[in-house]
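Novice:
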Amino acid sequence: MTHIEKYLFFCVTILFLIRYIYRKAGEMKIDYYEQVLLDIAHELTGFLINHRIQKQDAEDIIQDVFVRLIQADIMLPPEKLRPWLYRVALSRFYDLYRRQKKYRDILLAQYAQYSEIAPSMTKNELLQQALDKLDDYQKSLILLYYDSRHSIRDIATIYNASDSKIKVDLYRTRQQLRQTIERAQNER
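All the letters of the sequence shown, read from the start, carry residue numbers 1 to 188 under full-length UniProt numbering.
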């Protein structure tokens, strides 16, 4: 399937979802809900692209998210829709990331067998290894706060948690990252 065909399928899927949800909602205006869904779809696509996901993969993830919304057979109000879609998109993003990392590790292991020179670790590689040791929730906190520049309140809304819980979790995650990096540097 060409890129254009995939994009058209993506658009048709979103429109189908909008019409399906409208039929379930009944009283809600379709224009408003349709606009909310389209805005969130564009926002999530940009969010994923900013995290170094290729545009095609980001669109595939968003399409999977909307298909999952249809399969869930729930009608979420607009204020609860964004956090739910973010959680599902982050979950799909991490699934894709783990799969790609697994393939990359296999390729690196094959390459290391034939290479005599082992490259020295840079600070970025140490940070990446430390991030890889975090669980999905901790990674997403770091990415949302530092990389995407979301506020504590926005992150709390996405995870349906209090601001103080997010602050504490961010603090503990930073401490864990710092300790992991220090241990890795001491081992060198």
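Here a beta-carbon is modelled for each residue, glycine too, at the ideal position from N, C-alpha and C.
None of these values were measured; they are calculated from a predicted model.
Determine, using beta carbons only, whether residue 45 and residue 59 come nearer to each other than 8 Å.
Specialist: For this step, residue 45 is matched to residue 45 along the sequence shown. For this step, residue 59 is matched to residue 59 along the sequence shown. Yes, the pair counts as a contact, with Cβ atoms nearer than the cut-off.
Novice: DSSP state of residue 77, grouped into three classes?
Specialist: Locating residue 77 in the sequence shown gives position 77, where the first residue counts as 1. Coil.
Novice: Using the rule of at least 16 other Cβ atoms within 10 Å of the residue's Cβ for burial, across every protein chain shown, is residue 9 buried or exposed?
Specialist: Working through the sequence shown from its first residue, we reach residue 9 at position 9. Under this definition residue 9 is an exposed residue.
Novice: Would you kindly work out how many angstroms separate the C-alpha atoms of residue 143 and residue 73, rounded to a whole number?
Specialist: By one-based count along the sequence shown, residue 143 stands at place 143. By one-based count along the sequence shown, residue 73 stands at place 73. Computed Cα separation, rounded: 30 Å.
Novice: Could you check which residue in 83, 124, 172 and 55 has the C-alpha nearest to that of residue 189?
Specialist: Examination of residue 189 is not possible in this model, given that the chain is present from 1 through 188 alone.
Novice: Going along the chain, which residues of its own chain have a beta-carbon closer than 7 Å to the beta-carbon of residue 180, five neighbours each way excluded?
Specialist: Taking the first residue of the sequence shown as position 1, residue 180 is located at position 180. Answer for residue 180: 130 and 133, listed in chain order.
Novice: Take residue 157 and list the residues in its own chain whose beta-carbon comes closer than 8 Å to its own, dropping the five residues that flank it on each side.
Specialist: As a working mapping, residue 157 is identified with position 157 in the sequence shown. Correct list, in chain order: 82 and 83.
Novice: Along the chain, where does the alpha helix (DSSP H) containing residue 171 start, and where does it finish?
Specialist: In the sequence shown, the residue the question calls residue 171 occupies position 171. Its alpha helix (DSSP H) spans residues 163-187.
Novice: Rounded to whole angstroms, what's the CA-CA distance from residue 203 to residue 169? Just pull it up for me.
Specialist: For residue 203 there is no data in the structure shown, the boundaries of the chain being 1 and 188.
Novice: Taking the continuous alpha helix (DSSP H) assigned at residue 206, which residues delimit it?
Specialist: This structure cannot settle anything about residue 206, because the visible part of the chain is limited to 1 through 188.
Novice: Considering only the beta carbon of each residue, do residue 42 and residue 147 sit closer than 8 Å?
Specialist: Within the sequence shown, residue 42 is the residue found at index 42, counting from 1. Within the sequence shown, residue 147 is the residue found at index 147, counting from 1. No, they are not a contact pair.
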